Structures are given as structure tokens and as C-alpha cells.
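Position 89 of the sequence shown, counted from 1, bears residue number 89 in our numbering, the numbering being contiguous throughout.
Ideal Cβ placement from N, Cα and C applies to all residues, glycine included.
Given the structure is predicted, the values throughout are model-derived calculations rather than measurements.
Below: the structure, in C-alpha cells.
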Amino acid sequence: MSKNKLWQIIVSVFTLTSLLITANSQETYSQNFDDFDNGETDLGDGSVIFGEAASIQDGRLQLTIDGQGLGFSSFSVPPIEGSSLGFTITFDYEMFDSVGANDPADGFSINYGDAALGEQGSAEEGMNSNQATENISFEVDTWRNGDAEQGVNISGLSGGADLGQLAFTNGVILDDGQTVSGTMEISWDPSLGASFRTTGLNTDADFENIEIPDFIPNDDHTFIISA
């Protein structure tokens, strides 16, 4: 496995194109989703695509479909040796919401923790205590325009207890009928904490070295995008 991929995400439609996960040990996972037929759900690299809306479409991993309430979807990456020493995740994304109908909903999260491979997760809410006991969650909440909870944040679990919002910026992510695209960079280091930076959103994340109190890393932890 290698870590050189872009994740293109469609919120009302959520897709990934290339994803790169690199542990501080230099072990990597990468996937570009290029060489698969539309509708494929088995990439043959140990990852798990889960959910009615999730499949490869036109060289991208699609996790949600605009206007269709198909429930949560997820993309899980198996444990990477050395992840307990820290890691970096980078990807490009695209999100769009069609004009009219509902406001953009609901969002997505990128998670590192002890959730099982294939776990759906809770989209913009990360993981709950029934899904993981140790978890760091980097979250983008698109629902709803102007809501006090809408925005970007870092959260987590330790020993099954919710750590709350460790970093948060309130704001609209995308407007009705808007397409947004850009890059996301996520990292965690046991001595430095967690960082989360985005470009292209109406409200971007710009968090650096956020402490994740009492979080217990493990090389057996998985990486899961939940949408």
C-alpha cells in the first residue's frame, strides 16, 4: 500500500480523486481510483467501501449522492505500521450542492482510531462511543447555512469519553447551488498534537498543534472517511 491519493468529496455529492496517507515511519497508503469501472466497490488493496451511495464513479470515489437520502457511507484504510508515531493525510476535494431543495447536508469527517475496518461512522460527527473508544476526528459540518454548529473542527474520543470540540471555526461551508474545491491537509504527532488545514471552503480550517488529551494511539488504528 502507498499513501499518494486525492480524495474528492461530494457533500451533497461527495467524491475523492487521490489520497495520500503517510505515517511518520514513512509507511504509506495511496490510491488514485483511476483504474476502476464505474460502480466498483472493491479496490483490492485492503480498503473497504461501505454504503449504498458509495462506489467508484469516473475515476473518483463517490461517498454521497446529491438529493438521495441513502444513509451514511465510509471509506476505510487498513492500519499503517508506525501510525502511532504520527501521520499526515493529504487530498484534493470537490463538493457541490444542487440549486434549491434542502440546504447542503450533512458533512463528513476523517477519522483515526480503533473503529473497525468498514465502520460507517457518523459523518460530520466523527465516531460515537459505540463505534470507537479512541479516535481523532477532523470534521466538516455543512448543515445548515448559518447554524451555530456549522463549520470545521477537531474532536475525538479517549477511553470512550467524548473530548468535545478541541478546535472549532463556525461558518458556512458552501452555499445552496455552489461547488467548492481545494485541498485538505491533516496531521497528528504525539508530541505536537493535531493540525487541520483546508483551502477552497467558504469557511476554511486553519488549526495547528491542537492537543488531543489522553488519546492513545496504536499501529492497529484504522483511517476512515465517513460521510
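Simplified DSSP state of residue i, which is helix, strand or coil
i: residue 185; result: strand
i: residue 119; result: coil
i: residue 226; result: strand
i: residue 94; result: strand
i: residue 3; result: Residue confidence for residue 3 is low, a pLDDT of 35 falling below 50, so the modelled location carries little weight; the figure read from the coordinates is stated next. Coil, per DSSP.
For residue i, the residue or residues it bridges with in DSSP
i: residue 140; result: 108, 152
i: residue 169; result: 152
i: residue 206; result: 197
i: residue 129; result: BP columns for residue 129 are empty, so no partner.
i: residue 113; result: 135, 222
8 Å contact criterion, which residue i and residue j should meet: CB distance rounded
i: residue 31; j: residue 45; result: 6 Å
i: residue 203; j: residue 151; result: 6 Å
i: residue 155; j: residue 216; result: Not a contact, Cβ separation roughly 16 Å.
i: residue 186; j: residue 110; result: 6 Å
i: residue 33; j: residue 61; result: 5 Å
Proximity test, residue i beta-carbon vs the ligand NAP heavy atom, cut-off 8 Å
i: residue 197; result: Absence of the ligand NAP from the depicted structure is noted, as is the absence of any ligand whatsoever, leaving it without description.
Between the segment 48 to 62 and the segment 106 to 122, can you find at least three pairs of beta-carbon atoms closer than 8 Å? yes
I'd like the ranges of any beta strand (DSSP E) spanning at least 3 consecutive residues and lying wholly in the segment 5 to 85. 13 to 23, 28 to 31, 48 to 50, 55 to 57, 60 to 64, 74 to 77
Specify whether the segment 124 to 140 and the segment 71 to 85 touch according to this definition: at least 3 beta carbon pairs, one from each stretch, less than 8 Å apart. no
With a cut-off of 8 Å, do at least 3 Cβ pairs link the segment 24 to 33 to the segment 85 to 96? yes
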